[in-house]
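Using numbering that gives the first Met the number 0, read the sequence shown as starting at 0 and increasing by one per residue.
We put the beta carbon where it would ideally sit given N, CA and C, even for glycine.
Written out below as C-alpha cells is the structure these notes cover.
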Amino acid sequence: MRKVSREMDSQWALKVMRKAPYITVSFIRADGTAYGVPLSLACTDDRIWYFHCAPEGDKLDALAAHPQVCLSAVTKCAPTVGPKDGSFTLQYRSAIAFGKAELVTDDEEKIRALRAISERFLPLHMDAFDDAIARSLHRTAVVRITLDDLPTGKRKQYDRNGEEMKYGRME
Numbered sequence: 000m001r002k003v004s005r006e007m008d009s010q011w012a013l014k015v016m017r018k019a020p021y022i023t024v025s026f027i028r029a030d031g032t033a034y035g036v037p038l039s040l041a042c043t044d045d046r047i048w049y050f051h052c053a054p055e056g057d058k059l060d061a062l063a064a065h066p067q068v069c070l071s072a073v074t075k076c077a078p079t080v081g082p083k084d085g086s087f088t089l090q091y092r093s094a095i096a097f098g099k100a101e102l103v104t105d106d107e108e109k110i111r112a113l114r115a116i117s118e119r120f121l122p123l124h125m126d127a128f129d130d131a132i133a134r135s136l137h138r139t140a141v142v143r144i145t146l147d148d149l150p151t152g153k154r155k156q157y158d159r160n161g162e163e164m165k166y167g168r169m170e
C-alpha cells in the first residue's frame with residue numbers, strides 16, 4: 000500500500016466488506032481479459048464468501064479458466080473539498096482481498112450459502128426462504144470464494160476539525 004498512513008487492520012476491512020451493498024469481484028477470462036462485476040456476497044466466516052448466479056455465463060467460464068479472484072468493497076464514499084487546502088478529494092472506506100473461487104456442487108452447502116446471502120440482504124423475508132429454495136435451487140449456481148488472507152483496508156476520513164485521521168485513528 001503506497002499511503003501506509005491510511006491503512007486499516009483486517010478486522011476493520013472485514014467490517015467494510017460486511018457492510019458494503021455489493022462487492023466487486025474481478026475475474027480473468029480464458030482469453031486473459033479482465034472481467035469485474037459488482038455482486039451481492041455474504042460470508043459464513045472471515046475467509047469464506049459466497050455469491051449466486053445463473054448456472055452458465057461469464058463468471059463461471061472465467062473461474063473455470065482462472066479461479067483466482069480479487070474482491071473490492073467501498074463504503075462511506077463521499078466527494079468533498081479538503082477542509083484545510085480546498086482540494087477536491089474523496090473520503091472513503093475500502094477493503095480488498097484475494098482468493099480462489101470454486102463452484103459449489105453440494106446442495107447442503109449451496110443452501111447454507113443462499114441462506115447467508117438471504118439473511119444478509121432480505122432478513123425480514125426469511126419466511127419465504129424454503130419455498131424459494133424448493134423452486135429454484137436446481138437452476139441456481141453458488142460460488143464459494145476462499146480468501147488467501149484476510150482483507151486489507153484503507154480509508155481517507157477527516158475529523159470534526161478538518162484533520163485527516165491517519166494511522167488507524169478512530170473517532
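Check your understanding: Looking at C-alpha atoms only, which residue of Lys83, Arg138, Arg46, Val103 is the closest neighbour of Leu62?
Key -> Translated into positions along the sequence shown, residue 62 becomes position 63. Ranking the options by Cα distance to Leu62, first place goes to Val103.
**Study point:** CA-to-CA distance, Pro78 to Ser86, given in whole angstroms
**Key:** As a first step, residue 86 must be located in the sequence shown, where it is residue number 87. As a first step, residue 78 must be located in the sequence shown, where it is residue number 79. If you take the alpha carbons of Ser86 and Pro78, they lie about 11 Å apart.
**Study point:** Backbone secondary structure at Gln10 - three-state DSSP
**Key:** Taking the first residue of the sequence shown as 1, we reach residue 10 at position 11. Correct three-state label for Gln10: helix.
**Study point:** Buried or exposed (CB count within 10 angstroms, at least 16 for buried), Cys76
**Key:** Counting from 1 along the sequence shown, the entry for residue 76 is found at position 77. Burial check for Cys76: the Cβ neighbour count within 10 Å stays below 16, so the residue is exposed.
Review point. Secondary structure at Val15, three-state DSSP: helix, strand or coil?
Key: Walking along the sequence shown from the start, residue 15 turns up at place 16. Val15: helix per DSSP, three-state reduction.
Exercise for review: Report the residue from Val15, Ala53, Gln67 whose alpha carbon sits nearest the alpha carbon of Tyr34.
Suggested key: On the sequence shown, residue 34 is found 35 positions in, with the first residue counted as 1. Relative to the Cα of Tyr34, the nearest Cα in the group Val15, Ala53, Gln67 belongs to Gln67.
Review point. Between Arg143 and the rest of its own chain, which residues show a CB-CB distance below 6 Å, the 5 nearest in sequence each way excluded?
Key: Counting from 1 along the sequence shown, the entry for residue 143 is found at position 144. Here the set comprises Tyr49, Glu101, Val103.
Review point. What is the DSSP secondary structure of Glu162, counted as helix, strand or coil?
Key: Stepping through the sequence shown from its first residue, residue 162 is reached at position 163. Coil.
Check your understanding: Asp45 to Pro150, Cα distance in whole Å?
Key -> Residue numbering aside, residue 45 sits at position 46 when the sequence shown is read from its first letter. Residue numbering aside, residue 150 sits at position 151 when the sequence shown is read from its first letter. Roughly 9 Å between the two C-alpha positions.
Practice item. Please classify Lys18: is it buried, with 16 or more other beta-carbons within 10 angstroms of its beta-carbon, or exposed? Key: As a first step, residue 18 must be located in the sequence shown, where it is residue number 19. Under this definition Lys18 is an exposed residue.
**Study point:** C-beta contact flag for Leu173 and Gly31 at 9 Å
**Key:** Residue 173 lies beyond the range of the chain shown here (0 to 170); nothing can be said about it.
Check your understanding: What's the gap between the Cα of Ala112 and the Cα of Phe128?
Key -> Translated into positions along the sequence shown, residue 112 becomes position 113. Translated into positions along the sequence shown, residue 128 becomes position 129. Rounded to whole angstroms, Ala112 to Phe128 spans 12 Å at the Cα level.
**Study point:** In DSSP terms, what Ser52 is bridged to
**Key:** Locating residue 52 in the sequence shown gives position 53, where the first residue counts as 1. Sequence check: residue 52 is Cys here, not Ser. According to DSSP, Cys52 bridges with Ala140.
**Study point:** Neighbourhood of Gly161 by C-beta distance below 6 Å, restricted to the same chain and skipping five residues each side
**Key:** For the purposes of this step, residue 161 is taken as the residue at position 162 of the sequence shown. If we look at Gly161 and ignore the five residues flanking it on each side, its Cβ neighbours are Pro82, Lys83.
Review point. Which of the three DSSP states, helix, strand or coil, is assigned to Pro66?
Key: Within the sequence shown, the letter at position 67 stands for residue 66. DSSP places Pro66 in coil when its eight states are reduced to three.
Exercise for review: Would you kindly work out how many angstroms separate the C-alpha atoms of Val80 and Val36, rounded to a whole number?
Suggested key: Counting from one through the sequence shown, the residue named residue 80 turns up at place 81. Counting from one through the sequence shown, the residue named residue 36 turns up at place 37. C-alpha separation (whole angstroms): 30 Å.
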